[in-house]
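According to my numbering, the sequence shown is numbered sequentially starting from 92. We put the CB at the ideal spot given by N, CA and C, even for glycine. One structure below.
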Amino acid sequence: MSHILHHRVRIRAWSSSLGTFLTTPTGRCGSWEARNVRTTYHDERYGLGGSGRRTLTNSTDVSGEHYISVDKRGLYEEVTRAMSGKKEKSPLTPLGKLLQTSIKQVGPISIADFMDVCLAHPEHGYYMKQQTTKIGKGGDFVTAPEISQMFGELLGVWAVATWEKLGTPRVFRLAEIGPGKGTLMKDILRVAQNFPPFHNALGGVSMIETSQALRRVQAEALGAVSIDKNWTNSDTERDSDARDIGDEAEWERGGRRHERKARWCLPCKRKIDWHDDVRQMPVESPSIIFAQELLDALPVHQFEYTENGWRERLVDVDEDPQTPHHFKFILAKEPTVPVIHLERIMPRTLQNFLDTAACSPCGHDKISDGTKTDEAIEDPEKKKLGTSLEVCPLALQLAQHVAERVSRTGGAALFVDYGEDMAQGDTLRGLKMHALVHPLAEPGEVDLSADVDFQGLREAVAHVEGLRVFGPMSQGEFLSAMGIEARLQALLGGEGEERSGLTDRQALLLYDSYRRLVDPEQMGRKYKVLAFVAKSHQGPAVAFPSTSLRTKGVTENSEEASGE
């Protein structure tokens with residue numbers, strides 16, 4: 092039997108100036124989709140309402156369309172991950188069957204490709220399915236805008252204050268990358284109407300979302316109506332996806348020409364449009380852009396330091412009946428393309444990781460066997476073995492696109508997500524019904540995410556001229572600086588029946604949601620906020636101390652991006 096296997100082509104370019112993977116898929120869904128989950132107190136006043144999560148990812152078609160021949164003989168060696176004691180295999184989902192077939196044909200795939208398919212497969216992907224019942228209190232997860240209306244309201248206030256610090260531009264746009272069910276933007280627009288000068292300058296709203304199912308949900312939540320029922324100016328053939336919500340210009344797909352899509356308008360008489368990519372937004376005016384809990388959903392690559400150097404962690408089929416899942420992690424024996432680029436472009440980052448491991452008194456978690464090397468190791472070089480590193484190229488790329496837009500057209504951007512101000516090792520997790528599950532379990536039925544590397548985001552935009560970066564600061568500190576305590580008191584009002592019409596139970600739920608957002612033991616510390624502002628912005632970003640300006644420090648360390 093031939094060992095020459097066909098392997099799906101994914102064109103990867105490593106930007107020597109930025110130090111990031113630039114991944115271009117060959118499938119039909121090569122676009123951004125952002126994710127978020129929400130449970131709002133507004134409208135279903137102080138009840139635990141529905142929610143919606145969004146994905147931002149470069150999608151992959153399991154079947155593949157372009158092939159090259161690759162000799163993979165002896166390329167992989169099996170490694171293990173800490174597993175549960177479960178003896179029966181987890182359910183094999185329809186997407187799991189497709190993945191099994193593909194991996195058996197082309198060989199093990201990267202963790203990034205596995206995440207890509209699980210979250211964004213056009214039919215079976217976690218965020219691409221029509222139903223949204225898995226999102227919310229009765230689903231797999233909730234996020235800040237769904238927990239309390241206070242979160243969205245304070246981000247709306249941040250937008251107003253930022254617009255003023257930008258010099259009150261005559262026309263500007265609001266934008267959100269990954270709007271989910273539209274809850275956050277709905278809260279922001281409600282706040283905008285309380286500030287007439289700000290609202291009068293609002294020229295339109297842009298939503299960056301690739302899921303047609305979520306676009307329809309967002310349009311309904313925002314009360315958007317079509318003002319152009321003529322889907323096309325010609326008799327050109329268009330498929331069902333092209334007939335849905337959006338406002339992109341002419342584009343090509345499958346050899347067929349598609350004309351401009353329908354236009355939509357909000358109740359506030361402002362135009363709203365949908366795009367697949369932040370780079371498709373109009374450029375004639377400044378924008379204030381929000382990206383709430385989306386970067387954690389982008390595919391990550393994982394690497395481990397071995398006796399033979401850095402090796403990439405991959406996903407393979409697991410047919411052992413004694414193991415709990417249908418897939419397993421393995422370690423490549425030889426350097427993969429991402430490893431080669433990583434060593435060439437980011438040698439300092441890799442060395443810093445190894446030096447930290449060598450100085451650690453308790454060792455570190457090893458990706459290869461899921462154990463902790465607690466024994467004392469005298470040889471610093473041996474202590475480096477098993478050091479793991481997680482890199483999310485698409486998060487860095489998205490940060491660059493947003494930063495370049497803010498610098499070029501003016502405006503600001505706010506990222507809110509969970510993670511640390513440093514790169515980490517293995518943070519990949521699965522989530523189902525509000526419980527952690529193995530990330531390889533039930534592909535397409537489990538949410539996958541990883542911590543955000545905020546230091547990496549700052550370094551990725553260090554080269555952008557005319558941009559200032561503030562943070563990250565903790566979500567609890569940010570919301571406190573924005574006045575969440577005062578907003579809580581205003582919503583609670585007086586005592587008993589004078590409490591703004593709230594029952595004691597509703598008031599308790601409101602207070603609990605406040606604590607969940609700001610408590611360091613809940614979301615207050617782990618979730619962080621990062622701001623980009625244009626040079627026209629006066630003073631530090633709203634709610635950020637001037638000492639959190641990071642541009643200078645990042646610039647001094649940015650020579651690594653040029654390759655050293």
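- DSSP places S239 in the coil class of the three-state scheme, outside both helix and strand.
- The Cβ atoms of L570 and H417 lie no closer than 9 Å to each other.
- G615 and L579 have their C-alpha atoms roughly 16 Å apart.
- From the listed residues C359, A625, K220, the smallest Cα separation to G535 is found for K220.
- Ranked by Cα distance from A532, the first of C483, V233, A572, F420 is F420.
- Contact between the region 234–246 and the region 434–445 is not established, with fewer than three Cβ pairs separated by less than 8 Å.
- Beta-bridge pairing by DSSP links K619 to D508, S565.
- The beta carbon of L519 sits closer than 6 Å to those of P530, A541, all from its chain and outside the five residues before and after it, given in chain order.
- Here M524 is exposed, its C-beta having fewer than 16 other C-beta atoms within 10 Å.
- Classified as exposed, Q413 has fewer than 16 neighbouring CB atoms from the shown chains inside 10 Å of its CB.
- Per DSSP, reduced to three states, the secondary structure at K272 is coil, with no helix or strand assignment.
- In the three-state reduction of the DSSP assignment, Y396 falls in the strand class.
- Membership of A203 in the alpha helix (DSSP H) is indicated by the continuous run 202–211.
- In the structure shown, S317 falls within a strand segment according to DSSP collapsed to helix, strand and coil.
- Check the Cα spacing between L422 and each of G510, G400, K626, P377: the tightest is with G400.
- Under DSSP, E403 takes part in a beta bridge, and its partners are F394.
- Inter-segment contact for the region 392–409 and the region 275–291 is absent: fewer than three beta-carbon pairs are separated by less than 8 Å.
- Within the same chain, Cβ atoms closer than 6 Å to the Cβ of A382 are found at I268, F506, the five residues on either side in sequence being excluded.
- In this structure A514 is in contact with D544, their Cβ atoms being roughly 5 Å apart against a cut-off of 8 Å.
- Contact between S627 and G258 holds: their C-beta atoms lie close to 6 Å from each other, under 8 Å.
- The beta-bridge partner set that DSSP reports for H290 is empty.
- In the three-state reduction of the DSSP assignment, S297 falls in the strand class, which pools E and B.
- In this structure, F394 keeps its C-beta atom at 9 Å or more from the C-beta atom of P358.
- Its Cα nearest to that of V497, the residue L265 stands out among K272, L265, I202.
- A Cβ-Cβ separation of about 20 Å leaves S181 out of contact with L405 under the 8 Å criterion.
- Here A503 is buried: its Cβ has 16 or more other Cβ atoms, across all protein chains shown, within 10 Å.
- Per DSSP, reduced to three states, the secondary structure at K419 is strand.
- Spatial neighbours of D512 in its own chain (CB-CB distance under 6 Å, excluding positions within 5 residues in sequence) are listed in chain order as F545, Q546, P563.
- When only Cα atoms are considered, R435 and P288 end up about 51 Å apart.
- In this structure I279 is buried. Its beta-carbon is surrounded by 16 or more other beta-carbon atoms within 10 angstroms.
- CA-to-CA, the gap between A553 and A211 works out to about 30 Å.
- Shown here, G547 sits in a helix according to DSSP, grouped into three states.
- About 5 Å separates the CB atoms of D367 and T301; that is less than 8 Å, so the two are in contact.
- Secondary structure note for E576: it is in no beta strand (DSSP E), and the uninterrupted alpha helix (DSSP H) holding it is 575–583.
- For Q196, the enclosing alpha helix (DSSP H) has its first and last residue at 185–197.
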